[in-house]
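Working notes, structure below.
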Amino acid sequence: MYAVVRAGGKQVRVSPGDILDVELIDGEPGDEIELGEVLLVGGDELRVGNPLVAGAKVLAKIEGDSAGPKIRIFKYKRRKRYRLTKGHRQHFTRVRIESIEV
1138 MYAVVRAGGK QVRVSPGDIL DVELIDGEPG DEIELGEVLL VGGDELRVGN PLVAGAKVLA
1198 KIEGDSAGPK IRIFKYKRRK RYRLTKGHRQ HFTRVRIESI EV
């Protein structure tokens, strides 16, 4: 069985046992969370939501928080002595998908 869920503005295909990186979620490692925006449930029978599948939810467990790679932003204008360097590191929460309930 698999499902397509909306997590942090992105749509992700998940199945039980998958490890997923989503936008930062408040909670401690080991906490159970519910991903309620289920767009599609597949398996024996395909159920497509309009826009969400009624009564479907995905249960996940928080594994921990982390951050992605550092991204360097460099702006430059020639002949104007303008140089600007910035950095960004996106934080995320790693979750393990426990079950899909319809």
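Letter by letter, the sequence shown follows residues 1138 to 1239 of this note's numbering. Think of the CB as a built atom: it goes at the ideal place given N, C-alpha and C, for glycine as much as any other residue. Quantities reported herein were computed from a predicted structural model and do not represent experimental measurements.
Can you name the start and end residues of the beta strand (DSSP E) that residue i belongs to?
i               : result
isoleucine 1170 : 1169-1172
aspartate 1158  : 1156-1160
glutamate 1200  : 1194-1204
valine 1178     : 1175-1179
Please report how far the alpha carbon of residue i lies from the alpha carbon of residue j, in whole angstroms.
i           : j           : result
lysine 1223 : lysine 1214 : 15 Å
valine 1149 : valine 1190 : 15 Å
Find the nearest neighbour of residue i within the set the options, judged by alpha-carbon distance.
i               : options                               : result
lysine 1147     : Pro1153, Leu1161 and Met1138          : Leu1161
glycine 1164    : Phe1229, Gly1173, Ala1140 and Lys1207 : Phe1229
valine 1185     : Glu1235, Pro1206 and Tyr1139          : Tyr1139
asparagine 1187 : Leu1177, Asp1181 and Gly1201          : Leu1177
Give the DSSP-derived three-state secondary structure of residue i in the structure shown.
i              : result
glutamine 1227 : coil
arginine 1184  : strand
Below 8 Å on the Cβ atoms is my guess for residue i versus residue j; work out the distance and round it to an integer in Å.
i            : j           : result
leucine 1172 : valine 1141 : That pair is no contact at about 11 Å.
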